[in-house]
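Notes follow the structure.
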Amino acid sequence: MIWGHSSLIGPFGEVTATAGHEEATVICEIDHSMIQTIRHKYKQDDWKVIRKLL
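For the sequence shown, the residue numbers in the UniProt record's numbering are 1 to 54.
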């Protein structure tokens, strides 16, 4: 079995923090203004259209 390498992933797929194989706590700062920008730019209805295309 493979364990470890838990990661925090940003909204565009970028890895913001990664743990190793050992037990660890992964902490990452959240940019709340970026979250608001993304929510405004990519509204939920847009994602429904993308899901239908897939």
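Here a beta-carbon is modelled for each residue, glycine too, at the ideal position from N, C-alpha and C.
Computed from a predicted structure; not experimentally measured.
Asked                                                                                                                                                                      : Found
Using the C-alpha atoms, what's the distance from ILE9 back to ILE38?                                                                                                      : 15 Å
For residue 64, collect the residues of the same chain with a Cβ closer than 6 Å to its Cβ; drop the 5 residues on either side in sequence, then sort them by chain order. : This structure does not reach residue 64, given that the chain is present from 1 up to 54, and the question cannot be answered.
Take GLU22 as the anchor and find which of CYS28, GLY4 and PHE12 has the nearest alpha-carbon.                                                                             : GLY4
If you draw a straight line from the alpha carbon of ASP31 to that of ALA24, how long is it in whole angstroms?                                                            : 23 Å
Leaving out five residues on either side along the sequence, give the residues of the same chain with a beta carbon under 6 Å from the beta carbon of THR16.               : LEU8, GLY10 and CYS28
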